[in-house]
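Take a look at the structure below.
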Amino acid sequence: MAPLSLDSVKPGSLPPPGLIGENCGSFVDKTVQVRTRGNRKRPGKLKIKAQGKAPKGTKPRVDKDTYVLVCLPQKGGTPGTAHLLQGATTPHSAAAFRHSSAGLSSGNWYVSPDKIKVKLTRINFAGATQQDSTGADLVDCVVTYDRAAATLVPLLDCPFSIAPGTYTSMNLFVDPTAEVLISDATNGLYTDPSVPTKLSSTAPAGGASFVPVTATLGTAFQQFFSTPLVVTDQPVSLSVVIDAVQTVQLTSSGGAPPTFGTYFPAYVFSSIGGVGKPQYYTSSGTADTYDDSTVLANIIRVYYEPNGAPTYS
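Numbering-wise, the sequence shown is residues 1 to 313 according to my numbering.
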């Protein structure tokens, strides 16, 4: 049988049909190393001599063949790493928009969660045409945004592979279901997996816990490059910032417990070539929970690329 380390065999394929039969021994695996000279890899070669002997009276009685196995490096993509980092954060504030601890009044609310778990599932790179585009799945790429942590603190590195080429933009995809934790004593709002709506106006006995929130909108985040990304055989480094300032949408009506909105409860920004700077601007006067029904805020979420170019969400 052909060695599993081979990407191709020249000439022909193994095992040769003429060497199969009751008079032949078993085939064995053979590793063929790839030779490296300097910074270049050259195919490793292995010569195998085979000899067959026929019964007496057969002409020719002996047949000798030499097989050359050539080990070529597998044709894979260029390795890349997505460095996931903490986005913009803000401490809890009791000032400005204090509400009743009995819970949220009727309205459309935006909340800054204490923590949120996000799973990135795939990254796509777009070229000039559809044929030039490529993508890769991300495996076990789950991070936790913590509002109490410092901005741009490293969270996780997720490896991927990308085909060489020139790309103008990329898309990051997340699992529609995130896990959210809210513990807001000022507004009487706590995530509680034991209640049907997953939200409570009173603190659970053991404190607030993570609850699943499934979004139907906003699960893909596109990023255009200020200059095209040219991928060769050199590793690609990608910075991904997870932002969760006023990203969780809630609706409360008629005294009923609030419910989660349809949009994904976090934002994801990405850049090539280094870490940028996340910033969040709002006219609501707070980065905490606020009612968009009564305070029609103007907001803008900006991520600055490493070269200072702003990217707007």
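In this text, a Cβ means the ideal position worked out from N, Cα and C, and glycines have one as well.
Problem - Q234, DSSP secondary structure in three states - result: In the three-state reduction of the DSSP assignment, Q234 falls in the coil class, being assigned neither a helical nor a strand state.
Practice task
Please say whether L138 and A54 have beta carbons closer to each other than 8 Å?
Solution key: Taking C-beta atoms as the reference points, A54 and L138 fail to come closer than 8 Å.
Practice task
Express the C-alpha separation of I48 and P315 in angstroms, rounding to a whole number.
Solution key: Since the displayed the chain opens at 1 and closes at 313, residue 315 lies outside it and no answer follows.
Problem - Run of the beta strand (DSSP E) containing G135, from where it starts to where it stops - result: Start and end: T134 to D146.
Exercise for the section: Output yes or no for whether 8 Å exceeds the beta carbon distance between K115 and D175. Expected result: At a Cβ-Cβ threshold of 8 Å, K115 and D175 do not count as neighbours.
Handout entry: V240 versus T289: straight-line alpha-carbon distance, rounded
Key = Rounded to the nearest angstrom, the two C-alpha atoms are 25 Å apart.
Problem - Nearest-angstrom Cβ-Cβ length linking L152 and Q86, presumed shorter than 8 Å - result: In this structure, L152 and Q86 form a Cβ contact; the two beta carbons are roughly 6 Å apart against a cut-off of 8 Å.
Handout entry: Cβ neighbours of Q51 in the same chain (closer than 6 Å, five flanking residues each side left out)
Key = Contacts found: K64.
Problem - Exposed unless 16 or more other CB atoms sit within 10 angstroms - verdict on L217 - result: The residue is exposed, with fewer than 16 neighbouring Cβ atoms inside 10 Å.
Problem - Per-residue DSSP class, three states only, for Q131 - result: Here Q131 carries a helix assignment [DSSP, helix/strand/coil].
Problem - Coil, strand or helix - K56 by DSSP - result: K56: coil per DSSP, three-state reduction.
Exercise for the section: Compute the Euclidean distance between the alpha carbons of A136 and D243, then round it to the nearest angstrom. Expected result: Rounded to the nearest angstrom, the gap between the Cα atoms of A136 and D243 is 23 Å.
Handout entry: the segment 121 to 136 / the segment 177 to 196 touching (three or more Cβ pairs under 8 Å)
Key = At 8 Å Cβ cutoff, the stretches do not touch.
Exercise for the section: Determine the DSSP secondary structure at F97, reduced to helix, strand or coil. Expected result: With a pLDDT of 45 at F97, under the threshold of 50, the modelled position of this residue cannot be trusted; read the value that follows with caution. In the structure shown, F97 sits in coil (DSSP, three-state: anything other than H, G, I, E or B).
Exercise for the section: Starting from the Cα of P258, find the closest Cα among Y281, L189 and V231 and give me that residue. Expected result: For the residues Y281, L189 and V231, the minimum Cα distance to P258 belongs to L189.
Practice task
Determine the extent of the beta strand (DSSP E) in which G80 is found, giving its start and end residues.
Solution key: Annotation for G80: the continuous beta strand (DSSP E) segment containing it runs T78 to Q86.
Handout entry: Same chain, Cβ closer than 6 Å to P278, neighbours up to 5 away in sequence not counted
Key = G87, A88, V241, D243 and Y303, listed in sequence order.
Exercise for the section: Taking A163 and T202 to be in contact with their CB atoms under 8 Å, please state how far apart those CB atoms are, rounded to whole angstroms. Expected result: The pair is not a contact, with the Cβ atoms about 54 Å apart (cut-off 8 Å).
Handout entry: T78 vs V231 beta-carbon contact at 8 Å
Key = Yes, the Cβ-Cβ distance between T78 and V231 is below 8 Å.
Exercise for the section: Would you list, in sequence order, the uninterrupted alpha helix (DSSP H) runs of no fewer than 4 residues that lie entirely inside the segment 140 to 219? Expected result: Within the segment 140 to 219, no alpha helix (DSSP H) run of at least 4 residues lies entirely inside it.
Handout entry: Distance between beta carbons of S270 and L238, contact taken as under 8 Å
Key = The C-beta distance from L238 to S270 rounds to 6 Å, short enough to fall under 8 Å.
Problem - Reduced DSSP secondary structure (H/G/I, E/B, other) of Q74 - result: Low confidence applies to Q74: its pLDDT is 47, below 50, so where it sits in the model is not reliable enough to give any reading.
Problem - Nearest candidate by alpha-carbon position, reference S106, set D292, D184 and L172 - result: D292 is the residue among D292, D184 and L172 whose C-alpha sits nearest the C-alpha of S106.
Exercise for the section: Can you give me the Cβ contacts of R147 inside the same chain, cut-off strictly under 6 Å, excluding the 5 residues immediately before and after it? Expected result: Closer than 6 Å at Cβ, skipping near neighbours: T89 and D114.
Exercise for the section: My understanding is that L84 touches L172, with C-beta atoms under 8 Å, so please give their C-beta distance in whole angstroms. Expected result: Contact flag wrong, Cβ pair sits at about 10 Å.
Exercise for the section: Would you kindly work out how many angstroms separate the C-alpha atoms of L46 and Y263, rounded to a whole number? Expected result: Their backbone Cα atoms lie some 58 Å apart in a straight line.
Exercise for the section: Determine the burial state of S100: buried for a count of at least 16 other Cβ atoms within 10 Å of its Cβ, exposed for fewer. Expected result: Its pLDDT being 48, under 50, S100 is placed unreliably in this model, and the coordinates cannot settle the point.
Problem - Among D184, P235 and T129, the one whose alpha carbon lies nearest that of P159 - result: Measuring from the Cα of P159, the nearest candidate turns out to be P235.
Exercise for the section: Have a look at T66 and K56 and give me their C-alpha separation to the nearest angstrom. Expected result: Distance between the alpha carbons of T66 and K56: 23 Å.
Exercise for the section: Determine the DSSP secondary structure at R61, reduced to helix, strand or coil. Expected result: Coil, per DSSP.
Practice task
Mind checking which residues open and close the beta strand (DSSP E) that includes Y110?
Solution key: Where Y110 is concerned, the enclosing beta strand (DSSP E) stretches over G107 to V111.
Handout entry: Within 8 Å, strictly: CB atoms of V111 and V248
Key = Yes; because the gap between Cβ atoms is below 8 Å, this pair is in contact.
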